[in-house]
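Asker: If you count the sequence shown from 1, position 116 lands on 228 in our numbering, and the numbers rise without skipping.
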Amino acid sequence: MKAKLALAAVALSLAACNQPESAKAPAADAAGPVAAATLVATGAWCRPSPNGAKAGGCYVTLKATTNDRLTGGSTPAAGSLQVHEMTMEDGMMKMGEMTQGLPLPAGQAVALAPGGNHLMLIGLTAPLVEGSTVPLTLQFASAPAVTVQAAVRQPEMAGMDHGAH
Ligand SMILES: [Cu+2]
Numbered sequence: 113m114k115a116k117l118a119l120a121a122v123a124l125s126l127a128a129c130n131q132p133e134s135a136k137a138p139a140a141d142a143a144g145p146v147a148a149a150t151l152v153a154t155g156a157w158c159r160p161s162p163n164g165a166k167a168g169g170c171y172v173t174l175k176a177t178t179n180d181r182l183t184g185g186s187t188p189a190a191g192s193l194q195v196h197e198m199t200m201e202d203g204m205m206k207m208g209e210m211t212q213g214l215p216l217p218a219g220q221a222v223a224l225a226p227g228g229n230h231l232m233l234i235g236l237t238a239p240l241v242e243g244s245t246v247p248l249t250l251q252f253a254s255a256p257a258v259t260v261q262a263a264v265r266q267p268e269m270a271g272m273d274h275g276a277h
């Protein structure tokens, strides 16, 4: 249910983003340095990858100063880093790359979390080991790239995890 709401919000944001880029104010001088597109990334973490897994999920909370989009990234820990979304298809959760990127409305914290949008490390060069850290460089449509150190750990809300054991 939570994921559904998040996806609805994403759809709304996408609609809002369809305004032409040319509508942007041409001169930022008068407004001062506040106009610079910057991004704050907090609480980055990755799930430990099971033995032999070639992909892993990572999560982070992003807050942009101007309307922006998370378009992708890179990490030395894997061949590629993609932005994924979860969708419900025929009663099954499926994930896929957000080819348009993840919308980041100005001043709004956008959380990537288990069950919803996430960062996918594909082609892991080594297993993600609990207790280690993984550098993730995130790329945005407007803001300069940001590198975060993601802690590899188990999900916090273990009580909500009805995983198959
Ligand atoms: Cu994924």
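Idealized CB from N, CA, C, for every residue including glycine.
According to DSSP, Val258 sits in a beta bridge with which residue or residues?
Answerer: Answer by DSSP bridge pairing, in chain order: Leu250.
Asker: Give the DSSP bridge partners of Gln194, in chain order.
Answerer: The partner list for Gln194 (beta bridge, DSSP) reads Met232.
Asker: Hey, would you say the C-beta of Gly169 is under 7 Å away from at least one heavy atom of ligand 1?
Answerer: Within the cutoff, so yes.
Asker: On the criterion of 16 or more Cβ atoms from any shown chain inside 10 Å, does Asn163 qualify as buried, or is it exposed?
Answerer: Exposed: under 16 other Cβ atoms inside 10 Å.
Asker: Sort out for me which residues DSSP pairs Val241 with in a bridge.
Answerer: Note: Val241 sits in no beta bridge, so no partner.
Asker: For Arg159, list the residues DSSP reports as bridge partners.
Answerer: Arg159 is not bridged to any residue.
Asker: For the beta strand (DSSP E) holding Ala167, just list the boundary residues, first then last.
Answerer: Taken as a continuous stretch (DSSP letters only), the beta strand (DSSP E) holding Ala167 covers 167-176.
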